[in-house]
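Chains as they are written, first to last, in the numbering used here: chain P, 56 to 176; chain V, 5 to 143. For every residue, glycine included, the Cβ atom is placed at its ideal position computed from N, Cα and C. Here the structure is a predicted model, which means the values were calculated and not measured. Below: the structure, in structure tokens.
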Amino acid sequence: MGNEVKLTELLSSWEDTYKKGQLTLWIFLSLQEGKKYVDEIKDFVETKSNGTITCEEQSLYRALRKYEMIDVLQYELRKGNKGPDRKYYYMTDLGLELFKKFVDRNINLFYTEEIKKLLKP
Amino acid sequence: MKTITPYLLKFAVAATFLTIVFRYFLSYGIDNKSSIIIALCAILYGTAMFVCGWYFGRKDGEYLPIYDVGFRFHACTYLVHNLISVLWFTFNFNSSYEQLQIIYITALIWGVLLIIHLLFYLLARKNSINNLYKKDLFD
Numbered sequence: 056m057g058n059e060v061k062l063t064e065l066l067s068s069w070e071d072t073y074k075k076g077q078l079t080l081w082i083f084l085s086l087q088e089g090k091k092y093v094d095e096i097k098d099f100v101e102t103k104s105n106g107t108i109t110c111e112e113q114s115l116y117r118a119l120r121k122y123e124m125i126d127v128l129q130y131e132l133r134k135g136n137k138g139p140d141r142k143y144y145y146m147t148d149l150g151l152e153l154f155k156k157f158v159d160r161n162i163n164l165f166y167t168e169e170i171k172k173l174l175k176p
Numbered sequence: 005m006k007t008i009t010p011y012l013l014k015f016a017v018a019a020t021f022l023t024i025v026f027r028y029f030l031s032y033g034i035d036n037k038s039s040i041i042i043a044l045c046a047i048l049y050g051t052a053m054f055v056c057g058w059y060f061g062r063k064d065g066e067y068l069p070i071y072d073v074g075f076r077f078h079a080c081t082y083l084v085h086n087l088i089s090v091l092w093f094t095f096n097f098n099s100s101y102e103q104l105q106i107i108y109i110t111a112l113i114w115g116v117l118l119i120i121h122l123l124f125y126l127l128a129r130k131n132s133i134n135n136l137y138k139k140d141l142f143d
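What follows is the structure in structure tokens.
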């Protein structure tokens, strides 16, 4: 196996593991921008992650239902262009607090000078 | 808190239909003193209910992974089966050889098992937040 092929396979394997659990972060990030309906959340996630995170609609709906059930998200109904009303999701106070704490503990550490230096190629 | 999901309702509809068909053939079999019909309809009913529970339960988990160790579907089966059985007698669809008392005794014994299941469900809730399994919340 050539090094290039091996590298691609290793990267793919690592990314598969890494991406598990990332969807929550990206959904919350998208809602930080404002209220969104499912298609807008999907577009945000896929565009802003440069296509590294893809989400099927069913997975997204399932995740949103779960977050709604645990009170971190809520939605309001607004008229769509056609068809039924759209659900515009937004983060509740609990969701905002959860997101803030998660980012503080897990994301912000990547912005410390020491880690930033290590991340430079 | 959402516990009555679309797939639980679909299961209830399917269980209602199957129970009515079962009661019909059971009464028919008893009236005709046919042990083959009685055994066959009981086996088919049990199998069909199991397949329905498995199918809708799986779909329900994909829709929303409520961590109830199967209690909602069990309670739904209990309610549907016993309610239809009582109504069967109320409207005199039963065989003349059937006794309402048997329905009550069955409901009582089954009710004890349901309560035991309820206890397991209450124990399982310790590992859940708003009825969702903690470890599956952000998977």
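Taking 8 Å as the upper bound on Cβ-Cβ separation, chain P lies near residues I133 and N134 of the region 102-134 of chain V. N135(V) is classed as buried because its beta carbon has at least 16 other beta carbons within 10 Å across all chains shown. Three or more Cβ pairs closer than 8 Å define a contact, and the region 72-85 of chain V meets that threshold against the region 48-62 of chain V. If you compare the alpha carbons of E112(P), V127(P), Y130(P) and N163(P) with that of D94(P), the shortest gap goes to E112(P).
Judged by their CB atoms, W81(P) and I125(P) are not nearer to each other than the 8 Å cut-off. D64(V) is positioned such that its CB atom lies closer than 8 Å to that of Y11(V).
Membership of E131(P) in the beta strand (DSSP E) is indicated by the continuous run L128 to R133. For the alpha helix (DSSP H) assignment, the uninterrupted runs of no fewer than 4 residues enclosed by the region 58-122 of chain P are, from N- to C-terminal side, 58-74, 77-88 and 93-103. Taking every protein chain shown into account, the CB of A43(V) has fewer than 16 other CB atoms within 10 angstroms, so this residue is exposed. When the beta-carbon positions are compared, D140(P) and L132(P) come within less than 8 Å of each other. For Y137(V), the secondary structure class from DSSP, reduced to helix, strand or coil, is strand. At the C-beta level, F95(V) and G57(V) stay beyond 8 Å of one another. Interface residue (Cβ-Cβ distance to chain V less than 8 Å): R117(P) is classified as such. According to the DSSP assignment, K130(V) belongs to no beta strand (DSSP E), since it is labelled neither H nor E. Sequence-distant partners of K138(V) (beyond 5 residues in either direction) whose C-beta falls short of 7 Å from its own C-beta, in its chain, are N131 and S132.
In the structure shown, I70(V) falls within a strand segment according to DSSP collapsed to helix, strand and coil. In this structure, K121(P) places its C-beta atom within 8 Å of the C-beta atom of L141(V). For Y144(P), the beta-bridge partners assigned by DSSP are K91(P) and Y130(P). The continuous alpha helix (DSSP H) containing R76(V) extends over residues F75 to T94. For G33(V), the enclosing alpha helix (DSSP H) begins and ends at P10 to D35. For W69(P), the number of other beta carbons within 10 angstroms of its own is below 16, and it is reported as exposed.
In the DSSP annotation of this structure, the continuous segment of the alpha helix (DSSP H) that includes E169(P) starts and ends at E168 to L174. The beta carbon of L78(P) lies closer than 8 Å to those of V100, I108, C110, S114, L115 and A118 in the same chain, with the five residues before and after it left out.
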